[in-house]
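Notes to accompany the following structure.
Residue numbers (this note's numbering), protein chains in the order written: chain A, 63 to 278; chain B, 8 to 239.
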């Protein structure tokens, strides 16, 4: 490893920790919100479903950077509250990724075969029970690969948080570059770190899927 | 308390947006130019890398294609842009070119994956039949396999294309004067934060929807799978 990296390793690792924190919190929050929105849109809860339709369309047509700007500058101005770049980044990434996850989960819910639903109804389960115990478990297990694709995307997207001033991995690497000016080794280190972690996330996804996939 | 009520009563005021419309139009056009150039280059990269990945024999072509895809896809776009803009600063490329290269190399990997699976989805019999009626391998690829593969992958291409348009907003970070950059500039002058960013979100939404609808108008893009003899 080049000297620049070794000398600044503690600083970079602190950035990496922040990246990991943002990713984990956004994955948890985004998945929860995504599942909720996906289910609401699937069972067509009146009014709420239409609202979320508009939400998903809107967010999916907007760049993450703009969503982060809205969360960091727009909402605080509109609703009159104080926020930090860190929490605005997490809020923005959650709101952003939830729209994509909701769409994936909804297509998973739709892919559950009608005959399974009918069989469950014939056994005497109520409609709510069918959704909870039959449709959702099958759908979630089927969409694991797509979900992990989105998680990899999310991990890469955390780099955008550096633009609103969060010193995560990319942000701290660019700060170091401003001080040391060794762009080649710093950016190579950056790329390599993201590469390793993205591989780790997708391998984890494959491992989980190989355990949980529904075999017929 | 008094301060709090003053904060809450943020009044929406769209007039500054309208008076700065020439900046927004300028940014919008730059975004279109940037996305279009990056898309062209990404399509070239994607078709070449994807075709290399679709070769049947295991060899250097397939390995390097897979390596390219994995390498490019797993690095954040922002790092791609910094690579061209900061690490290769000695080349003195204009920011617009840096953004085009970064976006094209990044999206090219996604297009390559889609092209590879599209070629794989064309039944092998189509190619064999083309060879049997006397087409050369190159002609078979060009006139038989590619046209069918292209129709199969049109929906995926549409989604990659809208992804690219949205990703182009990151070019504002390396000082390309596209839509997001102009929005930040207007925000800095007028402080109409919420209005500015909602406006450009809607502009992005407009552009993305237009592109996806446009690509779905490609003749036969929707139902081509049903028209290919499945057992051929």
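The beta carbon of each residue, even a glycine, is placed where N, CA and C say it ideally should be.
From a predicted model like this one, the values you see are computed outputs, not experimental measurements.
At a CB-CB cut-off below 7 Å, which residues of chain B make contact with residue i?
{"i": "residue 136 of chain A", "result": "200, 201, 204"}
{"i": "residue 139 of chain A", "result": "17, 200, 201"}
{"i": "residue 239 of chain A", "result": "93"}
{"i": "residue 221 of chain A", "result": "83, 85, 86"}
{"i": "residue 86 of chain A", "result": "Here the premise fails: no neighbours, minimum Cβ distance about 17 Å."}
Suppose contacts are defined by Cβ-Cβ distances below 7 Å. Is residue i in contact with residue j by that definition?
{"i": "residue 66 of chain A", "j": "residue 242 of chain A", "result": "yes"}
{"i": "residue 107 of chain B", "j": "residue 45 of chain B", "result": "yes"}
{"i": "residue 92 of chain B", "j": "residue 249 of chain A", "result": "no"}
{"i": "residue 193 of chain B", "j": "residue 30 of chain B", "result": "yes"}
{"i": "residue 165 of chain B", "j": "residue 222 of chain B", "result": "yes"}
{"i": "residue 263 of chain A", "j": "residue 203 of chain A", "result": "no"}
{"i": "residue 104 of chain A", "j": "residue 168 of chain A", "result": "yes"}
{"i": "residue 102 of chain B", "j": "residue 181 of chain B", "result": "yes"}
{"i": "residue 226 of chain A", "j": "residue 134 of chain A", "result": "yes"}
{"i": "residue 151 of chain A", "j": "residue 223 of chain A", "result": "yes"}
{"i": "residue 177 of chain A", "j": "residue 73 of chain A", "result": "no"}
{"i": "residue 245 of chain A", "j": "residue 94 of chain B", "result": "yes"}
{"i": "residue 189 of chain B", "j": "residue 66 of chain B", "result": "no"}
{"i": "residue 171 of chain B", "j": "residue 42 of chain B", "result": "yes"}
{"i": "residue 232 of chain A", "j": "residue 221 of chain A", "result": "yes"}
{"i": "residue 196 of chain A", "j": "residue 171 of chain A", "result": "no"}
{"i": "residue 129 of chain A", "j": "residue 96 of chain A", "result": "no"}
{"i": "residue 61 of chain B", "j": "residue 126 of chain B", "result": "yes"}
{"i": "residue 218 of chain B", "j": "residue 169 of chain B", "result": "yes"}
Quick check on DSSP: helix, strand or coil for residue i?
{"i": "residue 25 of chain B", "result": "helix"}
{"i": "residue 238 of chain B", "result": "Its pLDDT being 38, under 50, residue 238 of chain B is placed unreliably by the model, and nothing is read from it."}
{"i": "residue 134 of chain A", "result": "helix"}
{"i": "residue 115 of chain A", "result": "helix"}
{"i": "residue 229 of chain A", "result": "coil"}
{"i": "residue 65 of chain A", "result": "helix"}
{"i": "residue 207 of chain A", "result": "helix"}
{"i": "residue 81 of chain B", "result": "coil"}
{"i": "residue 239 of chain A", "result": "helix"}
{"i": "residue 102 of chain B", "result": "helix"}
{"i": "residue 128 of chain B", "result": "helix"}
{"i": "residue 276 of chain A", "result": "coil"}
{"i": "residue 215 of chain B", "result": "helix"}
{"i": "residue 198 of chain B", "result": "coil"}
{"i": "residue 258 of chain A", "result": "helix"}
{"i": "residue 88 of chain B", "result": "helix"}
{"i": "residue 249 of chain A", "result": "helix"}
{"i": "residue 144 of chain A", "result": "coil"}
{"i": "residue 173 of chain A", "result": "coil"}
{"i": "residue 61 of chain B", "result": "coil"}
{"i": "residue 33 of chain B", "result": "helix"}
{"i": "residue 83 of chain A", "result": "helix"}
{"i": "residue 106 of chain A", "result": "coil"}
How would you list, in chain order, the residues of chain B whose beta-carbon sits under 8 Å from the beta-carbon of residue i?
{"i": "residue 207 of chain A", "result": "Within chain B, no residue comes near residue 207 of chain A; the closest Cβ sits about 14 Å away, beyond 8 Å."}
{"i": "residue 114 of chain A", "result": "The premise fails here: residue 114 of chain A is roughly 16 Å from chain B at the closest Cβ pair, so nothing lies under 8 Å."}
{"i": "residue 154 of chain A", "result": "Those within 8 Å of residue 154 of chain A in chain B number zero; the least Cβ separation is about 11 Å."}
{"i": "residue 281 of chain A", "result": "Since the first residue of chain A shown is 63 and the last is 278, residue 281 of chain A is not available in this structure."}
Name the chain A residues whose beta carbon is nearer than 9 Å to that of residue i?
{"i": "residue 187 of chain B", "result": "125, 127, 128, 131"}
{"i": "residue 108 of chain B", "result": "Residues of chain A passing the Cβ test: none, with the nearest at roughly 14 Å."}
{"i": "residue 78 of chain B", "result": "253, 257"}
{"i": "residue 150 of chain B", "result": "Ordered by position in chain A, no residue passes the 9 Å Cβ test against residue 150 of chain B, which lies about 34 Å from the chain."}
Identify the contact partners of residue i in chain A, using a Cβ-Cβ distance below 8 Å as the criterion.
{"i": "residue 96 of chain B", "result": "245"}
{"i": "residue 54 of chain B", "result": "Correct list: empty, because the minimum Cβ distance to chain A is about 22 Å."}
{"i": "residue 174 of chain B", "result": "125"}
{"i": "residue 211 of chain B", "result": "123, 124, 125, 128"}
{"i": "residue 24 of chain B", "result": "Here the premise fails: no neighbours, minimum Cβ distance about 13 Å."}
{"i": "residue 245 of chain B", "result": "No answer is possible for residue 245 of chain B: it lies beyond the span of chain B, which begins at 8 and ends at 239."}
Kindly list, in the order they appear in chain B, the residues whose Cβ is closer than 9 Å to that of residue i.
{"i": "residue 229 of chain A", "result": "Correct list: empty, because the minimum Cβ distance to chain B is about 14 Å."}
{"i": "residue 261 of chain A", "result": "77, 81"}
{"i": "residue 309 of chain A", "result": "Examination of residue 309 of chain A is not possible in this model, given that chain A is present from 63 through 278 alone."}
{"i": "residue 120 of chain A", "result": "208, 209, 212"}
{"i": "residue 101 of chain A", "result": "By Cβ distance, chain B contributes nothing, its closest Cβ being about 23 Å from residue 101 of chain A, past 9 Å."}
{"i": "residue 236 of chain A", "result": "89, 93"}
What in chain D is Cβ-close to residue i, meaning under 7 Å?
{"i": "residue 103 of chain B", "result": "In the structure shown, chain D cannot be found, because the protein chains are A and B."}
Going along chain A in order, which residues have a C-beta closer than 7 Å to the C-beta of residue i?
{"i": "residue 120 of chain B", "result": "By Cβ distance, chain A contributes nothing, its closest Cβ being about 11 Å from residue 120 of chain B, past 7 Å."}
{"i": "residue 180 of chain B", "result": "225"}
Can you find at least 3 beta carbon pairs, one from the region 28-46 of chain B and one from the region 178-191 of chain B, that sit closer than 8 Å?
yes
Taking contact to mean at least 3 C-beta pairs separated by less than 8 Å, is the region 119-137 of chain B in contact with the region 56-65 of chain B?
yes
Does the structure place the region 181-190 of chain A close enough to the region 118-129 of chain A that three or more beta carbon pairs sit under 8 Å?
no
Are the region 200-210 of chain B and the region 136-154 of chain A touching by the rule of at least three beta carbon pairs closer than 8 Å?
yes
If we count Cβ pairs, one from each stretch, closer than 8 Å, do we get three or more for the region 77-94 of chain A versus the region 215-227 of chain A?
yes
Touching by the beta-carbon criterion (3+ pairs, under 8 Å), the region 97-110 of chain A and the region 159-166 of chain A:
yes
Touch test, the region 144-157 of chain B against the region 73-86 of chain B, Cβ-Cβ under 8 Å, three pairs minimum
no
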